[in-house]
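Trainee: Residue numbers for the sequence shown follow the UniProt record's numbering, so the first one is 1 and each next one is one higher.
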Amino acid sequence: MLKHPIYVLKQTELLGHQFTVYGTAENPLFLVKEIAEVLEYSERNSCKLTNLVEKDEKVRNIITTLGGNQEVWLLTEDGLYEVLMQSRKPIAKQFKKGVKQILHEVRTTGGYIATKADDTPEEIMARALTIAQATLEKREERLKQLEAENKQKQEEITELRAENVELQHQSEYARFILQSKKTVLVTQIAQDYGMTAIRFNALLRDLHIQRKVNGQWILYGEYLGKGYVHSATHNYTHSNGSPDVSLNTEWTQKGRLFLYEELKRNGILPLIERSDKN
Numbered sequence: 001m002l003k004h005p006i007y008v009l010k011q012t013e014l015l016g017h018q019f020t021v022y023g024t025a026e027n028p029l030f031l032v033k034e035i036a037e038v039l040e041y042s043e044r045n046s047c048k049l050t051n052l053v054e055k056d057e058k059v060r061n062i063i064t065t066l067g068g069n070q071e072v073w074l075l076t077e078d079g080l081y082e083v084l085m086q087s088r089k090p091i092a093k094q095f096k097k098g099v100k101q102i103l104h105e106v107r108t109t110g111g112y113i114a115t116k117a118d119d120t121p122e123e124i125m126a127r128a129l130t131i132a133q134a135t136l137e138k139r140e141e142r143l144k145q146l147e148a149e150n151k152q153k154q155e156e157i158t159e160l161r162a163e164n165v166e167l168q169h170q171s172e173y174a175r176f177i178l179q180s181k182k183t184v185l186v187t188q189i190a191q192d193y194g195m196t197a198i199r200f201n202a203l204l205r206d207l208h209i210q211r212k213v214n215g216q217w218i219l220y221g222e223y224l225g226k227g228y229v230h231s232a233t234h235n236y237t238h239s240n241g242s243p244d245v246s247l248n249t250e251w252t253q254k255g256r257l258f259l260y261e262e263l264k265r266n267g268i269l270p271l272i273e274r275s276d277k278n
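1) Taking the beta carbon of G79 as the centre, do at least 16 other beta carbons fall within 10 Å, making it buried, or is it exposed?
2) According to DSSP, which residues form a beta bridge with K58?
3) Tell me which residue opens and which closes the alpha helix (DSSP H) that G255 is part of.
4) Just verifying my parser: in three-state terms, what is the DSSP assignment at G215?
5) Hey, I198 and R256: beta-carbon distance below 8 Å or not?
6) Taking DSSP as the reference, what is the three-state secondary structure of P90?
7) Count the other CB atoms, across all protein chains shown, that sit within 10 Å of the CB of V22; report buried if there are 16 or more and exposed otherwise.
8) Quick check on DSSP: helix, strand or coil for E250?
9) Since E13 is in the beta strand (DSSP E), which residue starts that stretch and which ends it?
10) Pull up the distance between the alpha-carbon of R211 and that of K153, whole angstroms please.
11) What span of residues does the beta strand (DSSP E) with V32 cover, start to end?
12) Examine the Cβ distances between the region 26-33 and the region 70-86 and report whether three or more of them are shorter than 8 Å.
13) Since L207 and E262 should fall inside the 8 Å C-beta cutoff, what is the C-beta to C-beta distance between them, to a whole number of angstroms?
14) Under DSSP, the beta strand (DSSP E) around T20 begins and ends at which residues?
15) Which of helix, strand or coil does DSSP assign to T29?
16) Mind checking whether G227 and K254 have CB atoms under 8 Å apart?
17) Using only CA atoms, which one of E250, Y223, T196 and G215 lies nearest to V232?
18) The alpha helix (DSSP H) spanning E273 covers which residue range?
19) The alpha helix (DSSP H) that contains I189, what's its start and end?
20) Distance check for T237 and G267, CA to CA, integer angstroms please.
21) Run through DSSP, which three-state label would I63 get?
22) When the Cα of L52 is compared with those of T24, E105 and I35, which residue comes out closest?
23) Considering only C-alpha positions, which residue in the set L203, E156, Y41 and T64 is nearest to L84?
24) Which of helix, strand or coil does DSSP assign to V229?
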């Protein structure tokens, strides 16, 4: 049993009988008791109508009555047409035609204008205007909802496009790095970021990536042994003519990618990723 009663979509008179449509325009439901009266079933036998239809053509639900909430049997649209088709009562065919007219007008205009023989044109027009206003309000509400959904989708599209651009830039730089398997000097990496080697080394020092020991830049312990750098021997001659050897730190391509990720995490991007943003 559902906790909440279903709503009345439309209540009118059809061929002298009370006719109530519950649920929604897309999935209307009809009270078995009312249809039984149309087909001249006694109140005691009204539930026999439910035996004429398939399981998915009937539902047990709660409606609100003068006596309070009540659980009742209702027919789906297909279920209603099925019992009317099986009935031999002359009213059945005409009643089915009237039901289709009501549902058609509810679905196309948002309401059904029930009229009586003694209704004046002014009364019919007033009723039509009331329905039209209600329909307009519903459609305005739906339009606002669609606009809000569209705005959200546009924002998601914009965000995805921005992410795609960023990923494209990243892949371009990654391809650029991986084109070479050789080690590179810090001067070459610094150029990727538009810096001098001195400034770039100082930046890595400030980020606690490396420190200087005996004239050579050395990685901090947490980065050692990960294949980021390689020490290269450099032979040179002093001004007095005496030969000497120095150790220089060179970066592997793995180390270059590591620097890229670390610098990016700190808001520092290579020139190749900044070029399209300026």
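Every residue gets a Cβ at the ideal spot worked out from N, C-alpha and C, and that includes glycine.
Predicted, not measured: the structure shown is a model, and the values here were computed from it.
Mentor: Reading off the structure:
1) If you number the sequence shown from 1, residue 79 lands on position 79. Buried, by the Cβ-count rule.
2) Sequence index remark: in the sequence shown, residue 58 carries index 58 (1-based). Answer is L75.
3) The residue you call residue 255 lines up with position 255 of the sequence shown. Here the alpha helix (DSSP H) through G255 covers Q253 to R265.
4) Residue 215 sits at position 215 when you count from the first residue of the sequence shown. Coil.
5) Your numbering for residue 198 matches position 198 in the sequence shown. Your numbering for residue 256 matches position 256 in the sequence shown. No, they are not a contact pair.
6) For this step, residue 90 is matched to residue 90 along the sequence shown. The answer is helix: DSSP assigns P90 an H, G or I state.
7) For this step, residue 22 is matched to residue 22 along the sequence shown. The amino acid occupying residue 22 in the given sequence is Tyr; Val does not appear at that position. Looking at its Cβ environment, which holds 16 or more other Cβ atoms inside 10 Å, Y22 is buried.
8) Working through the sequence shown from its first residue, we reach residue 250 at position 250. Here E250 sits in strand by DSSP.
9) As a working note, residue 13 is residue 13 in the sequence shown. Here the beta strand (DSSP E) through E13 covers V8 to L14.
10) Counting from 1 along the sequence shown, the entry for residue 211 is found at position 211. Counting from 1 along the sequence shown, the entry for residue 153 is found at position 153. Distance between the alpha carbons of R211 and K153: 49 Å.
11) Indexing the sequence shown from 1 puts residue 32 at position 32. Counting along the chain, V32 falls outside any beta strand (DSSP E), though it belongs to the alpha helix (DSSP H) covering V32 to V38.
12) yes
13) Position 207 of the sequence shown, counting from 1, holds the residue named residue 207. Position 262 of the sequence shown, counting from 1, holds the residue named residue 262. Their Cβ separation, rounded to whole angstroms, is 7 Å, which keeps L207 and E262 in contact under 8 Å.
14) The residue you call residue 20 lines up with position 20 of the sequence shown. Taken as a continuous stretch (DSSP letters only), the beta strand (DSSP E) holding T20 covers H17 to G23.
15) Walking along the sequence shown from the start, residue 29 turns up at place 29. In the sequence as presented, Thr is not what sits at residue 29; that position holds Leu. Correct three-state label for L29: strand.
16) Reading the sequence shown from its first residue, position 227 is the one you call residue 227. Reading the sequence shown from its first residue, position 254 is the one you call residue 254. Yes; because the gap between Cβ atoms is below 8 Å, this pair is in contact.
17) Your numbering for residue 232 matches position 232 in the sequence shown. Looking at the sequence itself, residue 232 is Ala, so the reference to Val does not match. Ranking E250, Y223, T196 and G215 by Cα distance to A232 puts E250 first.
18) Counting from one through the sequence shown, the residue named residue 273 turns up at place 273. Per DSSP, E273 belongs to the alpha helix (DSSP H) from L271 to R274.
19) Along the sequence shown, read from residue 1 onward, the residue named residue 189 stands at position 189. Looking at the DSSP string, the run of the alpha helix (DSSP H) that includes I189 is V186 to D192.
20) Walking along the sequence shown from the start, residue 267 turns up at place 267. Walking along the sequence shown from the start, residue 237 turns up at place 237. Their backbone Cα atoms lie some 41 Å apart in a straight line.
21) Along the sequence shown, one-based indexing puts residue 63 at 63. Looking at I63 - three-state DSSP - the assignment turns out to be strand.
22) The residue given as residue 52 occupies position 52 in the sequence shown. Answer by Cα proximity: I35.
23) In the sequence shown, counting from the first residue as 1, residue 84 sits at position 84. Of L203, E156, Y41 and T64, the residue nearest in Cα terms is Y41.
24) Looking up residue 229 in the sequence shown gives position 229. Strand, per DSSP.
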